[in-house]
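These notes concern the structure reproduced below.
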Ligand code: SF4
Ligand code: SF4
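In our numbering, the protein residues as written are 122 to 189.
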C-alpha cells in the first residue's frame, strides 16, 4: 500500500494537492492548524491511494512525500 506523508508545518493551505489527486482522498484537517495559521491537509483513506505522487508533484512547497 502506498503511503503519503505531509510535513504539516510547511503547508500554506493552497490546496492544490487536493485538486491534483485523482482519487480525491486529500482533505483539509479541520481539527488543527500549523504554526503559520494554516489548516494542513491529510489523507484519511490511505488504502485508496494509488501512489501516483500527483499531489507531491503539484505541491509548490515540497510538503508531500509519497512512499510505495
Ligand atoms: S499543495 Fe502543499 S502547500 Fe498546498 S495545501 Fe497541499 S500540502 Fe499544503
Ligand atoms: S499519491 Fe496520488 S492517489 Fe495518493 S494522495 Fe497523492 S495524488 Fe492522491
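Quick reminder that beta carbons are idealized off the backbone N, C-alpha and C, glycines included.
Option in 137, 123 and 122 with minimal Cα separation from residue 183: 137
Counting only runs that start and end within the stretch 153-187, where is the alpha helix (DSSP H) found for 4 or more residues in a row? 175-179
In three-state DSSP terms, what is residue 124? strand
What's the gap between the Cα of residue 163 and the Cα of residue 169? 13 Å
Residues that residue 146 bridges to, as DSSP identifies them: Per DSSP, none; premise fails for residue 146.
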